[in-house]
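A.B. asks: Handing you a structure now.
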Amino acid sequence: MMKFLILFLCISSFQLSANVYSQIAKVSLEVKNASLEQVIQLLEKESGYIFLYEDAQIEQVQDLELNFKDEDLKVVLDECLQNSGLTYKLMNHTIVISRKNINDQVRMTPTKLLLQGIVKDADGHVLPGVAVVLKETTLGVATDVEGRFTIELPKADSIVLVFSFVGMQTKEVKWRGEKELNVVLEE
52 MMKFLILFLC
62 ISSFQLSANV
72 YSQIAKVSLE
82 VKNASLEQVI
92 QLLEKESGYI
102 FLYEDAQIEQ
112 VQDLELNFKD
122 EDLKVVLDEC
132 LQNSGLTYKL
142 MNHTIVISRK
152 NINDQVRMTP
162 TKLLLQGIVK
172 DADGHVLPGV
182 AVVLKETTLG
192 VATDVEGRFT
202 IELPKADSIV
212 LVFSFVGMQT
222 KEVKWRGEKE
232 LNVVLEE
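Those letters in the sequence shown? Residues 52 to 238, per the numbering used here, in order.
In structure tokens:
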């Protein structure tokens, strides 16, 4: 019990120091018509953090106009990367800037639509465990024991769902706005 208590106190103190450190990372910054690279250089000096990124990814972000006084570094980074297709991760004393992957973008879509449906075989038997995936993403669900599924879809111009099941042919279905979708898989 004593070892557990010591371990718990150590972990808690690390968490506490991490929280205190993140609160210390305040920056003041005023720039006009600056590139993201210029802003990063200023933030490195101001915050003491090290930034890692690919030049080609940040070149596209130009004409930044920022005015922050004693603001949390995260707030400044959120503003810098807004609508850029880039994201960041804080790891210890390093900030890694990278391109958002499509799954993150789908999850962040503010308007989602709910689609329900059922999957059967050619004989009309329900198929439990069918993978229902939004094409070109990892966003998906599996049908339940009654062959039913419910999936949240992002609001988009064109949505294609991929239905796959062992022993059956994979089927792609273009969604046309229906609230319920009935799908038949062939062997």
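Note that CB positions come from ideal geometry on N, CA and C, so glycine has one too.
As the structure is a prediction and not an experimental result, all values here were calculated from the model.
(1) Excluding five sequence neighbours on each side, which residues of the same chain lie with their C-beta closer than 8 Å to the C-beta of T138?
(2) Going by DSSP, what residues sit across from I148 in a beta bridge?
(3) Run the CB neighbour count on G198, radius 10 Å, all protein chains shown included, and call it buried at 16 or more, exposed below.
(4) Helix, strand or coil for D114 per DSSP?
(5) What residues in its chain sit with their C-beta under 7 Å from that of E231, if we drop five residues either side in the sequence?
(6) Just checking my contact of K77 with D114 at CB under 8 Å: how many whole Å lie between their CB atoms?
(7) Following the continuous beta strand (DSSP E) through C167, name the residue where it begins and the one where it ends.
(8) Identify the continuous beta strand (DSSP E) that holds S209 and give its terminal residues.
(9) Going by CA-CA distance only, name the one from R227, L236 and I109 that's closest to T221.
(10) Closest to T145 by C-alpha separation, out of G228, I91 and K225, would be which residue?
(11) Have a look at K163 and G191 and give me their C-alpha separation to the nearest angstrom.
(12) Alpha carbon to alpha carbon, how far is E81 from P209? Give it in angstroms, no decimals.
(13) Under a three-way DSSP split, which group does V126 fall into?
(14) In whole angstroms, give me the CA-to-CA distance for F119 and V127.
C.D. replies: Straight from the coordinates:
(1) Your numbering for residue 138 matches position 87 in the sequence shown. For T138, where only same-chain residues beyond five positions count, the Cβ hits under 8 Å are L132, I148, S149, R150, K151 and D155.
(2) By one-based count along the sequence shown, residue 148 stands at place 97. Per DSSP, Y139.
(3) One-based indexing of the sequence shown puts residue 198 at position 147. Classification of G198: buried, given that the 10 Å Cβ count is 16 or more.
(4) Mapped onto the sequence shown, residue 114 falls at position 63. Of the three classes helix, strand and coil, the one that applies to D114 here is coil, per DSSP.
(5) In the sequence shown, residue 231 corresponds to position 180, counting from 1. The residues are Q167 and G168.
(6) The residue labelled residue 77 in the question sits at position 26 within the sequence shown. The residue labelled residue 114 in the question sits at position 63 within the sequence shown. Not really, about 25 Å apart at Cβ, beyond 8 Å.
(7) Reading the sequence shown from its first residue, position 116 is the one you call residue 167. According to the sequence displayed, residue 167 carries Gln and not Cys. Unbroken beta strand (DSSP E) run through Q167: K163 to D172.
(8) Taking the sequence shown and counting its residues from 1, one reaches residue 209 at position 158. Segment: none, S209 is in no beta strand (DSSP E) and carries neither H nor E.
(9) As a working note, residue 221 is residue 170 in the sequence shown. Closest in C-alpha terms to T221, from the list R227, L236 and I109, comes L236.
(10) One-based indexing of the sequence shown puts residue 145 at position 94. Comparing Cα positions, the closest option is I91.
(11) Residue mapping note: residue 163 aligns to position 112 of the sequence shown, counting from 1. Residue mapping note: residue 191 aligns to position 140 of the sequence shown, counting from 1. Taking the straight line joining both Cα atoms gives about 14 Å.
(12) Numbered from 1 along the sequence shown, position 158 holds the residue referred to as residue 209. Numbered from 1 along the sequence shown, position 30 holds the residue referred to as residue 81. The question names Pro, but residue 209 is Ser in the sequence shown. If you draw a straight line from the Cα of S209 to the Cα of E81, it comes to about 41 Å.
(13) As a first step, residue 126 is located in the sequence shown; it is residue number 75 there, counting from the start. In this structure, DSSP gives V126 a helical state, which the three-state scheme calls helix.
(14) Start at 1 with the first residue of the sequence shown, and residue 119 comes out as number 68. Start at 1 with the first residue of the sequence shown, and residue 127 comes out as number 76. V127 has its alpha-carbon roughly 7 Å from the corresponding atom of F119.
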